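In this note's numbering, the protein residues as written are 259 to 406.
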């Protein structure tokens, strides 16, 4: 854990997520001293919000509810930015996901800002047989935060 804490202190950018909010993201932030290290780390801290909800975990969650869940567990100061996809998947994709009780995560940007977060909004989605983040779009935007 010491190495992880040192890496956080030395990072140019810290990216949290995407992933299962309650079973992946939050547990990693609850590791002893991680949240405290994030709060004092000078690097920008970006939470990459999921593009689709997860059945039984984030049913009908909006983007601000994803962010709020993290803040409820680890407090403020752990996230500076929320990266939120604003591109709505196709009707066919939304219908496929609806059969699995999953839906597009509503990018309720004003509510995220009300939580004290800055928002990085844009089209970050890739749609093939599944709806996921487009790694090139996400990486391109994140790198632009560091290389100026």
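The C-beta atom is built at its ideal place from N, Cα and C for all residues, glycine as well. Owing to the predicted nature of the structure, the values given are computational and were not obtained by experimental measurement.
Please list, in chain order, all residues of the same chain as residue 318 whose beta carbon is under 8 Å from its beta carbon, the five residues on each side excluded. 311 and 361
Return the chain-ordered ranges of every alpha helix (DSSP H) run that is complete within the stretch 322-404 and spans a minimum of 4 residues. 349-357, 367-372 and 393-404
Please name the residue in 359, 307 and 356 whose C-alpha comes closest to that of residue 284. 307
Paired residues, beta bridge with residue 274 - DSSP: Residue pairing by DSSP places residue 274 opposite 305 in a beta bridge.
Going by DSSP, what residue range makes up the alpha helix (DSSP H) through residue 299? First-last for residue 299: undefined, no H or E at that position.
Count the other CB atoms within 10 Å of the CB of residue 275; is the residue buried (16 or more) or exposed (fewer)? buried
Less than 7 Å separating the beta-carbons of residue 270 and residue 404? yes
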